[in-house]
Amino acid sequence: MKYIKDIVSTPIPNPIYQYFEELEPGKVFTGYNLIGGVPLWKESLIGIKNFELVKGLANQLVSFLIELHSISEERASRDLKLKVRNPRIKMYNLYDRIENKLFPYIKKDAQREITDCFETSLKGEAFSNLDITLIH
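Take 1 as the starting number for the sequence shown in the UniProt record's numbering and just add one per residue.
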């Protein structure tokens, strides 16, 4: 939250204190001053009958996600101090592991099918034009 609070226009809680020493459920916590608004619980959302209100909520969410996904790879690495994970490299590494560790146990026709699927994806136009974005 603290990394994106100055990047997105949606109000983001600013942590005043945090405890991450023991990474166990019930022992990790963050404290912050409340921001304006109302929590959007599942039950609350289901109970909304006004289409315009739902549309407004959807627009807020879309705006936030567009801003979040617009943070460049360079900025994520430089300003946010986040490790950039390239999906192309991850997919090539996945295929390499499958080929080296699983292929010995898979029938030849299944190997060809897996290879064709990966090659079609990895060499396709859509995959070559991927933008790296933050994953949330």
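Every residue gets a Cβ at the ideal spot worked out from N, C-alpha and C, and that includes glycine.
Legend entry - N-terminal and C-terminal residue of the beta strand (DSSP E) that Gly124 is part of: Element bounds for Gly124: n/a, residue is neither H nor E.
Legend entry - Contact the stretch 86-97 vs the stretch 106-122: 3+ CB pairs below 8 Å: They touch, by the three-pair rule.
Inset, instruction - Take Ile4 as the anchor and find which of Leu68, Lys107 and Asp109 has the nearest alpha-carbon. - result: Leu68
Inset, instruction - Could you name each continuous alpha helix (DSSP H) segment of 4 residues or more that falls completely within the stretch 43-113, going from the start of the chain to the end? - result: 51-69, 73-78 and 87-97
Legend entry - Same chain, Cβ closer than 8 Å to Phe29, neighbours up to 5 away in sequence not counted: Hits under 8 Å: Gln18 and Tyr19.
Inset, instruction - Measure the beta-carbon distance from Glu73 to Ile7 and round it to whole angstroms, keeping in mind my assumption that it falls under 8 Å. - result: So it is not a contact: roughly 14 Å between Cβ atoms.
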